[in-house]
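Just below is one structure, and these are the notes that go with it.
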Amino acid sequence: MNDPKPKLDAFRAEARTWLDANFPRALAGRAGASGEEAQAWARRLGEKGWGTPTWPSEYGGGGLSQLEAKVLNEELDRIGAFNPLPRIAGMGITMVGPTILEYGTEDQKKRHLPPICRGEVFWALGYSEPNAGSDLASLQTRAEDQGDHWIVNGQKTWTSGADRAQWCGILARTDPEAPKRAGISFLMLDMRQPGIETRPIRLIAGASPFCETFFNQARAEKHDLLGPLNGGWTVGKRLLQHERQSQTGATSGLGGGGPRASLPDLAKRYVGLDTDGRLADRDLRARLASQMMNAKAHALTLTRVFAEARGNAKVSASASILKNTASRVAQQRAELVLEIMGHQGLGWDGDAFSEAELQAVRGWLSGKAMSIYGGSFEIQYNIIAKNILGLPENTQRG
Numbered sequence: 014m015n016d017p018k019p020k021l022d023a024f025r026a027e028a029r030t031w032l033d034a035n036f037p038r039a040l041a042g043r044a045g046a047s048g049e050e051a052q053a054w055a056r057r058l059g060e061k062g063w064g065t066p067t068w069p070s071e072y073g074g075g076g077l078s079q080l081e082a083k084v085l086n087e088e089l090d091r092i093g094a095f096n097p098l099p100r101i102a103g104m105g106i107t108m109v110g111p112t113i114l115e116y117g118t119e120d121q122k123k124r125h126l127p128p129i130c131r132g133e134v135f136w137a138l139g140y141s142e143p144n145a146g147s148d149l150a151s152l153q154t155r156a157e158d159q160g161d162h163w164i165v166n167g168q169k170t171w172t173s174g175a176d177r178a179q180w181c182g183i184l185a186r187t188d189p190e191a192p193k194r195a196g197i198s199f200l201m202l203d204m205r206q207p208g209i210e211t212r213p214i215r216l217i218a219g220a221s222p223f224c225e226t227f228f229n230q231a232r233a234e235k236h237d238l239l240g241p242l243n244g245g246w247t248v249g250k251r252l253l254q255h256e257r258q259s260q261t262g263a264t265s266g267l268g269g270g271g272p273r274a275s276l277p278d279l280a281k282r283y284v285g286l287d288t289d290g291r292l293a294d295r296d297l298r299a300r301l302a303s304q305m306m307n308a309k310a311h312a313l314t315l316t317r318v319f320a321e322a323r324g325n326a327k328v329s330a331s332a333s334i335l336k337n338t339a340s341r342v343a344q345q346r347a348e349l350v351l352e353i354m355g356h357q358g359l360g361w362d363g364d365a366f367s368e369a370e371l372q373a374v375r376g377w378l379s380g381k382a383m384s385i386y387g388g389s390f391e392i393q394y395n396i397i398a399k400n401i402l403g404l405p406e407n408t409q410r411g
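So this is what it looks like as structure tokens:
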């Protein structure tokens with residue numbers, strides 16, 4: 014068996030040289046930065062294809078293997094660099110693009126993927142509706158066949174970034190007479206048309222990434238049907254697997270802007286040490302150790318899954334397990350951060366609190382949604398039960 018190490022070492026040297034020449038050091042550790050330097054960095058990374066490192070190069074991606082993407086991620090973190098493309102492209106990189114790669118026609122791949130790779134298009138997704146959340150197959154948004162296009166009418170909710178999206182992928186009912194899952198199609202719509210209205214939804218954390226989206230005689234072109242007509246339920250479920258995969262911490266090559274403060278370091282700063290050099294709060298020590306073990310177990314599981322796939326991990330139902338564990342680890346960490354900060358972890362604004370303290374509060378609040386978006390904990394448990402454990406349907410008929 015060929016040893017991949019020499020090839021990976023050569024790629025690491027190539028990545029390090031390119032990053033040293035192209036990443037603006039003033040942006041180190043500033044993953045949410047904006048301005049001219051940040052725009053230039055996003056443009057360079059997109060042109061290189063390393064914003065979507067494992068996508069095929071013929072569609073604008075980097076053409077890297079999963080192992081090379083992992084090396085790239087390590088090199089990004091080494092210098093405090095980050096990949097801004099997932100934020101700039103919305104749902105394009107983590108969900109829509111991978112689904113187009115699987116189900117799209119050659120024309121759809123050539124039209125839609127390169128702009129996503131370059132961060133030129135922001136994508137949203139229209140799934141949930143006011144009366145179709147976890148029971149998504151009950152959706153009522155309709156797409157009526159007009160020969161060379163569809164006319165779309167209905168409402169979606171929780172459509173992240175719809176107010177600034179140029180494109181949106183939606184699930185719509187194209188055959189109202191078919192059984193509810195059998196009459197749904199996946200359509201891609203240009204959002205820049207008068208038949209679409211968006212209204213931001215204000216959240217408890219203060220930000221408004223979610224919107225209500227209204228379709229009133231909106232137009233979807235026939236060549237933007239993704240997958241088979243009335244086969245959107247299968248396409249939509251596959252896209253959700255990609256979403257869950259992106260929420261497991263397994264995505265390689267994205268870069269996080271460098272390491273964040275560890276829980277022990279935060280605890281030493283805010284709680285203090287006893288005379289033996291240990292954290293002064295014995296109970297907190299135990300819970301910190303438990304959380305750190307959970308986080309390590311999750312990370313090791315990701316590594317094992319990756320290794321078992323020999324560097325070519327496929328998105329599968331196992332993402333539901335990892336999505337749930339990632340959510341629990343992140344939420345537990347956020348709870349501990351606020352507890353460690355004490356009264357400094359209660360701030361909303363004002364000079365009495367540092368930026369890190371204010372962001373910790375907002376992060377704790379927004380993190381509550383992790384166990385809901387991408388499919389709730391309960392939905393994931395159903396997927397695990399049926400698709401991994403092989404348990405029978407538990408639906409009871411009256």
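For the sequence shown, my numbering begins at 14 and goes up steadily by one.
For every residue, glycine included, the Cβ atom is placed at its ideal position computed from N, Cα and C.
Nearest to residue 24 by C-alpha distance, out of 353, 383, 84, 231, is 84. Residue 223 carries a strand assignment under DSSP once its states are collapsed to helix, strand and coil. When the Cα atoms are used, residue 344 and residue 374 turn out to be separated by approximately 12 angstroms. Under the DSSP assignment, residue 169 falls in the beta strand (DSSP E) whose first and last residues are 162-170.
Rounded to the nearest whole angstrom, the C-alpha separation of residue 356 and residue 309 is 29 angstroms.
If you draw a straight line from the Cα of residue 231 to the Cα of residue 167, it comes to about 9 angstroms. Cβ-Cβ distances below 8 angstroms link residue 346 to 276, 304, 308 in the same chain, with the five nearest sequence neighbours on each side left out; the list follows chain order. Contact annotation: the region 142-155 touches the region 185-193, with at least three C-beta pairs closer than 8 angstroms.
Residue 241 carries a coil assignment under DSSP once its states are collapsed to helix, strand and coil.
From the listed residues 34, 201, 386, 202, the smallest Cα separation to residue 94 is found for 34. For residue 182, the uninterrupted beta strand (DSSP E) run begins and ends at 180-186, by DSSP. The alpha-carbon of residue 56 is positioned some 45 angstroms away from that of residue 297. In this structure, residue 362 lies near residue 371, with their beta-carbon atoms less than 8 angstroms apart. At the C-beta level, residue 98 and residue 64 come within 8 angstroms of one another.
Separation of the CB atoms of residue 112 and residue 139 is rounded to 14 angstroms, and the pair is thereby denied contact status at 8 angstroms. Residue 301 places its beta carbon 8 angstroms or farther from that of residue 332.
Between residue 133 and the set 239, 103, 250, 48, the nearest pair of CA atoms involves 103. Here residue 108 really is in contact with residue 256; their C-beta atoms are around 5 angstroms apart, less than 8 angstroms. DSSP, read as helix, strand or coil, puts residue 103 in strand. Closest by C-alpha distance to residue 182, out of 30, 283, 406, 117, is 117.
In the three-state DSSP reduction, residue 285 falls in the coil class, being neither helix nor strand. Per DSSP, residue 110 is one residue of the alpha helix (DSSP H) stretching across 110-116.
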